[in-house]
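Engineer: Before I ask anything, let me first share the structure, which is written out below as structure tokens.
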Amino acid sequence: MFERPVAGRLVALCVAWVGLPCGAQAASISGLVRDAERGNPLPFASIVLHRNAAPDSLAYEGGKMGGRDGRYRFDGIPAGAYEIRVAYVAYRARVDTVQVGEGADAVHDIALTPAPIGVEKIVVDADRLGREKSAQTSVVNLDMKRLAAVPSIGEADPIRALQLLPGVQAASDVSSGLYIRGGGPDQTLVLLDDITMYNPTHAFGFFSTFNPDVVDRVTLYKGAYPADQGGRLGAVVDIKTRTPAASKVQGAGSISTIASRLTLDGPIGRDHWLLSGRRSYLEPILSGLRRSTPEVPFYNFYDFNAKYAMRRDNNWVDTEIYKGRDNLRIEPDRDTRLTIRWGNTAGAVVFSRVLSKDALLKSTISGSEYESLTDANLFNTAFNVTNSLRDLTARTELHLERATHALGVGGQVSLYDFKFSQSFNRDKPVGFRSQPAEIAAYVDDQWTPQAVTTIRTGLRTRYISDGKRLLLEPRLSVSRALGDKLRLKFGSGVYNQYLQLVTTEGFSAGDLYVPIDASTQPGRSLQAVFGAEYETSPRYRFSAETYYTRLTHLVEFTTKTVADRDNFTARDLFDTGGTGYATGLELFAERRAGRVTGWLGYALGWSRRRFDALNGGKTYPPKYDRRHDLKAVLAYQRSPWSYSASFLFATGQAFTPASARYQVDDPALGDLTPGSRVLAGDRNSSRLLPYHRMDFSVTRDFALWGRSGQWFVQFFNLYSRRNEWFVQFDDQEPKVDVVRMLPIIPSFGASFKF
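Count along the sequence shown starting at 1, add 120, and that's the number in my numbering.
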């Protein structure tokens, strides 16, 4: 990856950084700042340490911002009694007293309680990742309080909440695929606690795989993301689960018309655990419908999360497991049966060690598997498809902070196993299998030369065994404050994508990731983002960003390849050598505090692609091109009632129209063949009607037997707009069928805590 002299200097720099003298004296205080209710760490808290001087001693006072993992540490302090004052946005400030003996290393954890101020509920989370947001462009952070206020279907969903941000669109009403700034769903990396999730959907995309009772916060990088992540051309969705830290066994759950969930967490000695499960129960409804319509399927989904947290002084070990499955079966008659099972399995062990007050070492071993199994019997003829992707990753990173620099150095090794097989009528299966490896290393430095200026530079280097390719990906972000209210930002980077998604977008269980092997080059993007943020007060924030992404080495799935063969290459599966671009402007206005909160966002964008083998070599808009995108979210609270509404409007999806119909002469009979054929027009040269929809929800707090809870009623697509999904052309008759999306869907239920 690096030449030996460069690697030696880098190691020497890190060792020297850690080993620099810190003026350590007699004692130290360290600990964790966390949420008192949910137990999750609170990143970048404001911490002040104060000691009133005795007559014969020296005074001491110091302040700092906590780390991204919620930890803090003060070294080199005199022995004595100290006050620790901790403040955090939307939490009640706390002052604790700690006695530190001579030469002692005191450990003091601090739990902060969420705090409404007066009668106005504070939902501000703009500074939740304050240090990250101050330097990085295109970052959006949502915690679960904010996600819960967004109208949904049955429960809060992180992926669907992101669709209410400007520049982010959904593939359809029944898809969790995201179109972000003119890119396809495969161009977005989705992480669950740094574990890559390859198909994070339930119910054909109607739900995501992320249980809201487990999720702590969601961070979206819409573009120009930093060097510690890579592998996708466009964006990153980083979902963090909460760390169990409850002092006694507690629980939370929800019951709705679609699904139920239950979460428990509690202590075991010095350790803490969390268990959470969720399951749909549509079977009775589907069974009733099946009496009159045999084609109605049997369907259910479930998922399970478990987490175990160990804390031993400066060492932390977190172990977590996720498993989710969807089960679909259709039996329209005695001779026809279709069974599809798909889902994700993921797990990780994370070891963290505080090396010094300025150094944190974190190592992770994780595994992720997506699998889809299709077993069909069509008129007593068997048909089977197996599709799976396994990813085993080892990752180590070192975070160093000193004076004006915050340095991150890390590396990872990923072993992949791609498998696809298909058999018809019990013939020998055909398909492909590939087991490549990827090695990556990165350096990321955030430099604050002045209080008003932050410069973040980074380099990510990747080596891919398939084709022995070495990829260099530099990153740069610059941020400068102009006064107390205005901040300007710039971000850029180079990105490469080795994994490619083959998707129908209408049926997520059939999605398939394949590697871009040595037969062609992986996709490449060059991104540039410029933006401005203006905060008139903690209550109001305004932002504007413009972006440009240049795309090369793109691929597009082709239907020309014959299926009954082994050893497919990327050139067999895709049209290759594509180029393109995406550019646009995003405007965002937000009210973050008070009885009424919400936001208004608008995006104006263009996205284009060009392939020599497609559309006669002419440039065309992909189907995820959206010219106009308007989003509005409004929430109102007057205890014990809460109301929220959202509205979306977007330009209709592009599609390829029919320019003519024709028939073919039968050379044997001299007559025209039955039916007609469709002559396609220019690729994606027409548009469906504009998409628009309103969702609405009402919740009411209640108490039962001393326990708190909420009733909720929600309406998806309140005025039942049947938005257009795609167009089908009939080869037998001169007609066009427009397939439409979902009508109004009401749901109701209750959530509770105990």
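Glycine included, C-beta positions come from ideal geometry on N, C-alpha and C.
Only a predicted model underlies this, so the values are computations on that prediction, with no experimental measurement involved.
1) By Cβ distance below 7 Å, which residues in the same chain neighbour R715 in space, the five residues on each side in sequence not counted?
2) Roughly how far, in whole angstroms, is the beta-carbon of F448 from the beta-carbon of Y490, given that I think they are within contact range, below 8 Å?
3) Are the Cβ atoms of F471 and S488 separated by less than 7 Å?
4) According to the Cβ coordinates, are A770 and R746 closer than 7 Å?
5) Distance, Cα to Cα, R691 vs Q570?
6) May I have a chain-ordered list of the beta strand (DSSP E) segments no shorter than 3 residues that lie completely inside the region 290-375?
7) Only counting the same chain, and skipping five residues up and downstream in sequence, which positions put a Cβ closer than 6 Å to that of T573?
8) If contacts are defined as beta-carbon pairs under 8 Å, then D336 and T361 qualify, I think. What distance do you get, rounded to the angstrom?
9) Kindly identify the DSSP beta-bridge partner or partners of T672.
10) Return the chain-ordered ranges of every beta strand (DSSP E) run that is complete within the region 429-481 and spans a minimum of 3 residues.
11) Excluding sequence positions up to five away, which residues of its chain have a Cβ less than 7 Å from the Cβ of P810?
12) For the pair the region 502-514 and the region 345-352, tell me if three or more CB-CB distances fall below 8 Å.
13) Taking the straight line between their C-alpha atoms, what separation do you get for T689 and T439?
14) Run through DSSP, which three-state label would R553 get?
15) Using only CA atoms, which one of K342, Y401 and D333 lies nearest to Q370?
16) Relative to the alpha-carbon of R807, which residue among Q641, W845, R301 and N319 has its alpha-carbon at the smallest distance?
17) What are the uninterrupted segments assigned as beta strand (DSSP E) that are 3 or more residues long and contained completely in the region 502-590, given in chain order?
18) Determine contact between the region 859-873 and the region 395-411, defined as no fewer than three beta-carbon pairs at a distance below 8 Å.
19) With a cut-off of 8 Å on the beta carbons, I'd call A479 and L518 a contact; round off their distance for me.
20) According to DSSP, is K751 part of a helix, a strand, or is it coil?
21) Cutting at 7 Å between CB atoms, please list the residues of its own chain near A246, excluding the five before and the five after it.
22) What's the call for P658, buried or exposed, on a 16-neighbour Cβ count within 10 Å?
23) Helix, strand or coil, according to DSSP, for M264 in the structure here?
24) Helix, strand or coil: how does DSSP classify A281 here?
25) Roughly how many whole angstroms lie between the Cα atoms of E222 and R431?
26) By Cβ distance below 6 Å, which residues in the same chain neighbour N435 in space, the five residues on each side in sequence not counted?
27) Are the region 255-269 and the region 289-297 touching by the rule of at least three beta carbon pairs closer than 8 Å?
28) If we count the other Cβ atoms within 10 Å of its Cβ and call it buried at 16 or more, is H748 buried or exposed?
29) For R212, tell me which candidate among R171, D155 and E451 has the shortest Cα-Cα distance.
30) Tell me, which residues are paired with V833 by DSSP?
31) With three or more beta-carbon pairs closer than 8 Å as the criterion, would you say the region 363-377 touches the region 294-309?
32) Go ahead and pull the three-state DSSP assignment for G718.
33) Between R644 and I575, what straight-line distance do the alpha-carbon atoms span, to the nearest angstrom?
34) I'd like the list of long-range same chain contacts for N507, defined as Cβ closer than 6 Å, with 5 residues on each side in sequence excluded.
35) For the alpha helix (DSSP H) containing R691, list its first residue and its last residue.
36) Which of the three DSSP states is assigned to A144 in this structure?
Structural biologist: The answer reads as follows:
1) Taking the sequence shown and counting its residues from 1, the one referred to as residue 715 is at position 595. Sequence-distant partners of R715 (beyond 5 residues in either direction) whose C-beta falls short of 7 Å from its own C-beta, in its chain, are E240, Y756, Q757 and R758.
2) Counting from one through the sequence shown, the residue named residue 448 turns up at place 328. Counting from one through the sequence shown, the residue named residue 490 turns up at place 370. Reading off the sequence, residue 448 comes out as Leu, not Phe. Incorrect: roughly 16 Å between the Cβ atoms, too far for contact.
3) Against the sequence shown, residue 471 aligns to sequence position 351. Against the sequence shown, residue 488 aligns to sequence position 368. Judged by beta-carbon spacing, S488 lies beyond the 7 Å limit of F471, meaning their Cβ atoms are not closer than that value.
4) As a first step, residue 770 is located in the sequence shown; it is residue number 650 there, counting from the start. As a first step, residue 746 is located in the sequence shown; it is residue number 626 there, counting from the start. A distance below 7 Å separates the beta carbons of A770 and R746.
5) As a position in the sequence shown, residue 691 is number 571, starting the count at 1. As a position in the sequence shown, residue 570 is number 450, starting the count at 1. Those two C-alpha atoms are separated by around 51 Å.
6) Scanning the region 290-375 from its first residue to its last, the whole beta strand (DSSP E) runs of 3-plus residues come out as 298-300, 308-312, 335-341 and 355-361.
7) Position 453 of the sequence shown, counted from the start, is the residue given in the question as residue 573. These residues qualify, in order along the chain: R600.
8) As a working mapping, residue 336 is identified with position 216 in the sequence shown. As a working mapping, residue 361 is identified with position 241 in the sequence shown. Right, their Cβ atoms sit about 6 Å apart.
9) Along the sequence shown, one-based indexing puts residue 672 at 552. Looking at the DSSP output, T672 shares a beta bridge with R644.
10) Counting only runs of 3 or more, we get 435-453 and 456-476.
11) Along the sequence shown, read from residue 1 onward, the residue named residue 810 stands at position 690. F769, A770, T771 and G772, listed in sequence order.
12) Contact fails between the region 502-514 and the region 345-352, because fewer than three Cβ pairs, one in each stretch, are under 8 Å apart.
13) Mapped onto the sequence shown, residue 689 falls at position 569. Mapped onto the sequence shown, residue 439 falls at position 319. Their backbone Cα atoms lie some 38 Å apart in a straight line.
14) Here residue 553 corresponds to residue number 433 of the sequence shown, with the count starting at 1. Of the three classes helix, strand and coil, the one that applies to R553 here is strand, per DSSP.
15) Position 250 of the sequence shown, counting from 1, holds the residue named residue 370. The option with the nearest alpha carbon to Q370 is D333.
16) The residue you call residue 807 lines up with position 687 of the sequence shown. Comparing C-alpha distances from R807 to each of Q641, W845, R301 and N319 shows the shortest one belongs to W845.
17) Listed in chain order, they are 525-544, 550-554, 557-570 and 573-584.
18) By the C-beta criterion, the region 859-873 is judged not to be in contact with the region 395-411, since fewer than 3 inter-stretch pairs fall below 8 Å.
19) Here residue 479 is taken as the residue at index 359 of the sequence shown, counted from 1. Here residue 518 is taken as the residue at index 398 of the sequence shown, counted from 1. Yes, they are in contact, since the Cβ atoms of A479 and L518 sit about 7 Å apart, within 8 Å.
20) As a working note, residue 751 is residue 631 in the sequence shown. Residue state, collapsed to three classes: strand.
21) In the sequence shown, the residue the question calls residue 246 occupies position 126. For A246, the predicted structure reports a pLDDT of 38, less than 50, and the residue's modelled location is therefore unreliable. A value from the coordinates is still provided. Closer than 7 Å at the Cβ level, and outside the excluded window around A246, lie R661 and R712.
22) Numbered from 1 along the sequence shown, position 538 holds the residue referred to as residue 658. Taking a 10 Å sphere around the C-beta of P658, we find fewer than 16 other C-beta atoms and assign the residue as exposed.
23) In the sequence shown, the residue the question calls residue 264 occupies position 144. It is helical.
24) Here residue 281 corresponds to residue number 161 of the sequence shown, with the count starting at 1. Note: A281 maps to helix in three-state DSSP.
25) Locating residue 222 in the sequence shown gives position 102, counting from the first residue. Locating residue 431 in the sequence shown gives position 311, counting from the first residue. So the two alpha carbons sit approximately 24 Å from each other.
26) Along the sequence shown, one-based indexing puts residue 435 at 315. Counting only Cβ-Cβ distances below 6 Å, and skipping sequence neighbours, we find R473.
27) No: fewer than three Cβ pairs fall under 8 Å.
28) Residue numbering aside, residue 748 sits at position 628 when the sequence shown is read from its first letter. Classification of H748: exposed, given that the 10 Å Cβ count is below 16.
29) Locating residue 212 in the sequence shown gives position 92, where the first residue counts as 1. For the set R171, D155 and E451, the Cα lying nearest the Cα of R212 is the one of D155.
30) For the purposes of this step, residue 833 is taken as residue 713 along the sequence shown, with counting starting at 1. Its beta-bridge partners are V818 and F868.
31) Fewer than three beta-carbon pairs drawn from the region 363-377 and the region 294-309 are found closer than 8 Å, and the two stretches are therefore not classed as touching.
32) Position 598 of the sequence shown holds residue 718. Here G718 carries a strand assignment [DSSP, helix/strand/coil].
33) If you number the sequence shown from 1, residue 644 lands on position 524. If you number the sequence shown from 1, residue 575 lands on position 455. Each residue's alpha carbon lies about 24 Å from the other.
34) Taking the sequence shown and counting its residues from 1, one reaches residue 507 at position 387. Cβ neighbours of N507 within its own chain (closer than 6 Å, five residues either side excluded): S492, F540 and L632.
35) On the sequence shown, residue 691 is found 571 positions in, with the first residue counted as 1. Looking at the DSSP string, the run of the alpha helix (DSSP H) that includes R691 is A690 to L693.
36) Residue mapping note: residue 144 aligns to position 24 of the sequence shown, counting from 1. For A144, the pLDDT reaches just 40, beneath the cut-off of 50, and the residue's location in the model is therefore unreliable, leaving the point undetermined.
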